[in-house]
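Number of protein chains: 2
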Amino acid sequence: MDNKKSNQEIDRRDFFKKAAASVTAIAGTSLISSNARADDPAIMHHVPWGQKWGDPVTKNRYGMPSKYEHNVLRRNTKLLASGNFRASIAVTPIQESMGIITPNGLFFSRSHGGVAHVDPAEYRLMIHGLIEKPIVLTLEQLKRYPSVTRTHFIECPANGGQEWRGPQFNSVQFAKGFMSSAEWTGTYLKTILADLGVKKEALWMLAEGSDSSEMGRTIPIDKVWDDAMIVWGQNGEALRPEQGYPVRILLPGWEGNLCVKWLKRLEFSTEPWYCKEETSKYTDLKPTGKAIQHFYANEVNSTVTSPSPEIDWTSLRDGDIVEIQGLAWSGMGTITGVDLSFDGGRNYIKADLKGLVLPKSWTRWSYMHTYKKGEKLLLTSRAMDDAGYIQPTIDQEVGVMGVEAVYHRNAVETWEVTETGKINHVEIRTMKEVKDA
Amino acid sequence: MDNKKSNQEIDRRDFFKKAAASVTAIAGTSLISSNARADDPAIMHHVPWGQKWGDPVTKNRYGMPSKYEHNVLRRNTKLLASGNFRASIAVTPIQESMGIITPNGLFFSRSHGGVAHVDPAEYRLMIHGLIEKPIVLTLEQLKRYPSVTRTHFIECPANGGQEWRGPQFNSVQFAKGFMSSAEWTGTYLKTILADLGVKKEALWMLAEGSDSSEMGRTIPIDKVWDDAMIVWGQNGEALRPEQGYPVRILLPGWEGNLCVKWLKRLEFSTEPWYCKEETSKYTDLKPTGKAIQHFYANEVNSTVTSPSPEIDWTSLRDGDIVEIQGLAWSGMGTITGVDLSFDGGRNYIKADLKGLVLPKSWTRWSYMHTYKKGEKLLLTSRAMDDAGYIQPTIDQEVGVMGVEAVYHRNAVETWEVTETGKINHVEIRTMKEVKDA
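Respectively, the protein sequence lines represent chains A and B.
Residue numbers for the first sequence follow our numbering, beginning at 1432 and rising by one.
Residue numbers for the second sequence follow our numbering, beginning at 1432 and rising by one.
Below, the structure written as structure tokens:
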């Protein structure tokens, strides 16, 4: 199988070259196959929705998706629930994602004591400890600091973490949907701290939530002074309850768990706190039996999002063009490139980065493919970032981390395209297995 | 009144200079006034939401805003309804907007025959007329063209158009909220046309909707070949029904009315169609009695969004810092600057552009202000774009257009801050009136 060659033949430039040449004189069929004839007026019969009044604009003062999109939802499974659905996660349908914004209704939801409903009039934020001018702020006061808006992903460090021993879910939503992306509005913590004054000996900041789990995480002061934000806005409106309404911490690129929701308290100290969720959880067990602590940034990563087990190619016909799409992201910086393999990682070609390419943000990538009926493919993507990192193979990652870890899994993922166009999540562990495939 | 000087004293650089100087040693109070004492543990009493389980993550598989945000809604008024709420508009609460994304639930909704609910399985798009290979596409086929994602505003050309004779609404939502912004995903029309082939004599494209109004608008072929898109995605999910689900046209920067929703047909011809909505409506009556046709791009514009009649300064105390914020946008290109006046347009200072500055997109601007109790201000913003345009004064615009027009009003707007911190929408027509204010 030499996919490299066959795919180079229809690369993006070729597509547009052919397309441009076709402007003035075209024979034969278009790139998209259609059975319908445009000269048949019956095709544009009077559709039912054109024969009656639609809804008045007064009907939904806060709008919702079309009823036909009822299947595009956050999903959860007992396999991911830590004993109950309050200390649990609901994951984003990234197979349906477009661009680099996740709509707030589909943003992944992770809580440790359920989703709290905080009254903004009762909300207070205490900032104290090694602070010159400790303060308690109302929401209105907090929002008077100079605001900033930035687009960043948030990713649970357990994204894909159930799969250290191989694929558990034949689903890209469950395999890679522990993340979402939004345009966040808030204020830089450095702006507040410059105003309040931080004592020199302060090296760590505790962020504590006001929900029933009283989530506490310790953040090194360098990150606080770098790009840490306190946010109250998400995609142009108030944070959703699942995201910590009215206020959460945002640490661009770092573990979602560190981005404490329903934030009530920031305390500055000389030592880390070693809270429950940074000792028994959110540490990574190594083969030696020791665990890695102070694991913060989500490493460079990527996945194919379409095709997927959820959005397959069974309806494609021979010669149809189709877009292979995916996401790449890095908590270390900006995505510089994505490679795509059709043979499980043996050979790679360059995919196109699409739209805005921003630091610590989802970056969408794409490759136009001409489908051959009956072809068997192993689609693997591999991203790299401007911090100099590139996604490891599974063998490389497991070689270092073993298979007892939960978090920070960023080895390449492979999606099998079967002869019928079905898509399966598979694991390609060795070069030998690739050759056998 | 010399606001220019007083505001220069606390400009953004000064704020940060003071702030930076305060890191190591600070006496006195912070920039944000707070009555609470951070050394009083009672302030962090056990809040009710911290004493019980929150909601399980299974509760809302498509999430909604906090119940406390129940007042952040699209709004409508009989004054803007053309006889009924189906040929009407519901406008966006831009006073609550953050960043440059409008959440889909709050995106302004304008329809001429109500909001249609189109079955995507029944959906067809016909592309015909002066086309080499006319075609009828299903939604699945359409989506196989190479996709593109771009952030653009859509603005009804009647935004502010009820106010040619002076302010009608003491509300920024009703005065300027006939617009919203989103990250759109679809395909460039030029990609489809390069594939299908357009005959040389084709100079105009009809776009026709499938809703009960069968909205038809004619688009010059140059725009079609430039940046016109067919879009199916909005902020990372399918278009909402109010935005034309499953497919609409997007003509970046041009009248919202041209961006035909529930799109069913594109026909190419040598002449414009002169449909109902481009003759009796969406043309602008001049003082001569003649109307302007073929009016397309929304001109450079801006407004203050906060403070506003909806979000006033009555709770501020003397010396409080507060952010004056607003939006600027141009259908001609990219915003290059925004000026802010505190005296109704007599003197201007530069505001800061914030976050991403993208072509034909909302651009957020900001100015940090130190509030003086009892001060009276006339806040006026003035934007400019890289096409070389700058917003006119009301006198300049009315001098050309008279007051019989409805569309394309882009003169500067003024918002009065009263002694008590209430905000009013006012009209500043002449330099004399400014002096009297």
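Positions of the beta carbon are idealized from the N, C-alpha and C atoms, including for glycine.
Relative to the C-alpha of T1736 of chain A, which candidate in A:M1832, A:G1536, A:R1492, A:N1601 has its C-alpha closest? Measuring from the Cα of T1736 of chain A, the nearest candidate turns out to be A:N1601.
Return helix, strand or coil for Y1499 of chain A, following the three-state DSSP convention. In the structure shown, the three-state DSSP call for Y1499 of chain A is helix.
So for A1669 of chain A, helix, strand or coil by DSSP? It is a strand residue.
By DSSP, does T1622 of chain B sit in helix, in strand, or in coil? Three-state DSSP puts T1622 of chain B in a helix.
How long is the line joining the alpha carbons of T1489 of chain B and I1652 of chain A, rounded to whole angstroms? When only Cα atoms are considered, T1489 of chain B and I1652 of chain A end up about 36 Å apart.
Local conformation of Q1599 of chain B per DSSP, three classes: DSSP places Q1599 of chain B outside both helix and strand once states are collapsed to three, so it counts as coil.
Span of the alpha helix (DSSP H), counted from its first residue to its last, around K1654 of chain A: Following the DSSP letters along the chain, one finds K1654 of chain A inside the alpha helix (DSSP H) bounded by residues 1652-1657.
Confirm, please, whether the CB-CB distance from K1695 of chain A to E1639 of chain A is below 8 Å. Yes, these two residues count as a Cβ contact at 8 Å.
Mind listing the chain A neighbours of L1697 of chain B? Cutoff is C-beta to C-beta under 8 Å, in chain order. Going along chain A, no residue has its Cβ under 8 Å from L1697 of chain B, so there is no contact; the nearest lies around 10 Å.
What in chain A is Cβ-close to V1655 of chain B, meaning under 9 Å? Close to V1655 of chain B, with beta-carbon spacing below 9 Å, lies no residue of chain A; the smallest spacing is near 12 Å.
When you compare the CB positions of I1766 of chain B and L1784 of chain B, do they come within less than 8 Å of one another, or not? Taking 8 Å as the Cβ cut-off, I1766 of chain B and L1784 of chain B qualify as a contacting pair.
Same chain only: Cβ atoms within 6 Å of A1701 of chain A, ignoring 5 sequence neighbours per side: First, the residue type needs correcting, since residue 1701 of chain A is Thr and not Ala in the sequence shown. E1632, L1634.
Below 8 Å on the Cβ atoms is my guess for Y1713 of chain A versus Y1838 of chain A; work out the distance and round it to an integer in Å. Here Y1713 of chain A really is in contact with Y1838 of chain A; their C-beta atoms are around 7 Å apart, less than 8 Å.
In the DSSP output, which residue or residues are listed as bridge partners for A1613 of chain A? For A1613 of chain A, which the question treats as bridged, DSSP gives the partners A:H1583.
6 Å CB neighbourhood of G1764 of chain A in its chain, flanking five on each side removed: Cβ within range, chain order: P1790, D1816, D1817, A1818.
How long is the line joining the alpha carbons of S1519 of chain B and P1487 of chain A, rounded to whole angstroms? Roughly 8 Å between the two C-alpha positions.
Whole angstroms is fine: what's the gap from M1529 of chain A's alpha carbon to T1794 of chain A's? Whole-angstrom Cα-Cα distance: 11 Å.
Along chain B, in chain order, which residues have C-beta atoms closer than 9 Å to that of E1754 of chain A? Residues of chain B passing the Cβ test: K1574, R1575, Y1576, P1577, S1578.
So if I threshold CB-CB distances at 7 Å, which residues from the segment 1664-1691 of chain A count as touching chain B? Sequence-ordered contacts of the segment 1664-1691 of chain A with chain B read G1664, N1666, G1667, E1668, A1669, R1671, P1672, E1673, Y1676 [C-beta pairs closer than 7 Å].
Output, in sequence order along the chain, the residues in the segment 1540-1554 of chain A whose CB is closer than 9 Å to any CB in chain B. So the close ones are S1540, R1541, S1542, G1544, G1545, V1546, A1547, H1548, V1549, D1550, P1551, A1552, E1553, Y1554.
Extract the residue ranges of the beta strand (DSSP E) inside the segment 1525-1561 of chain B, only unbroken runs of 3 or more that lie entirely within it. Note on the segment 1525-1561 of chain B: whole beta strand (DSSP E) runs with a minimum of 3 residues are 1540-1542, 1555-1560, in chain order.
May I ask you to report which of helix, strand or coil DSSP gives N1688 of chain B? In the three-state scheme derived from DSSP, where H, G and I count as helix and E and B as strand, N1688 of chain B is classed as helix.
For E1586 of chain A and P1703 of chain A, I'd like the C-alpha separation in whole angstroms. One C-alpha to the other measures close to 23 Å.
To the nearest angstrom, how far is the alpha carbon of E1782 of chain B from that of F1539 of chain B? Inspection of the sequence shows that residue 1782 of chain B is occupied by Ala rather than by Glu. Going by the C-alpha atoms only, they are around 27 Å apart.
Any C-beta of chain A under 8 Å from that of M1529 of chain B: Yes, M1529 of chain B counts as interfacial toward chain A.
CA-to-CA distance, L1809 of chain B to K1853 of chain B, given in whole angstroms: Taking the straight line from one Cα to the other gives about 12 Å.
By DSSP's criteria, W1796 of chain B is part of a beta bridge. Which residues make up the other side? Looking at the DSSP assignment, W1796 of chain B forms a beta bridge with B:G1757, B:L1784.
Would the segment 1606-1614 of chain A and the segment 1654-1661 of chain A be scored as touching if the rule is three or more Cβ pairs under 8 Å? Too few Cβ pairs lie closer than 8 Å, so no.
Based on Cα-Cα distance, which residue from B:A1659, B:I1623, B:G1675, B:A1669 lies nearest to E1645 of chain B? Residue B:G1675 is the option with its Cα nearest to E1645 of chain B.
I want to verify the contact list: residues of chain C whose CB lies under 7 Å from the CB of D1658 of chain B, in sequence order. This model lacks chain C altogether, as its protein chains are A and B.
Determine the closest residue to Q1827 of chain A out of A:G1544, A:G1776, A:V1753, with distance taken between C-alpha atoms. Per the Cα distances, A:G1776.
From which residue to which residue does the beta strand (DSSP E) around V1735 of chain A run? It spans 1732-1737 - the beta strand (DSSP E) in which V1735 of chain A sits, taken as one unbroken run.
Buried or exposed: where does S1513 of chain B fall if 16 or more other Cβ atoms within 10 Å of its Cβ makes it buried? Exposed.
How is the alpha helix (DSSP H) around L1905 of chain B delimited, first residue to last? Any answer about residue 1905 of chain B is impossible in this case: the structure gives chain B only from 1432 up to 1868.
Just list the residues that DSSP pairs W1846 of chain B with in beta bridges. BP columns for W1846 of chain B point to B:L1810, B:H1856.
Can you tell me whether E1850 of chain B is buried or exposed? The criterion is at least 16 other CB atoms within 10 Å of its CB, across all chains shown. Result: exposed.
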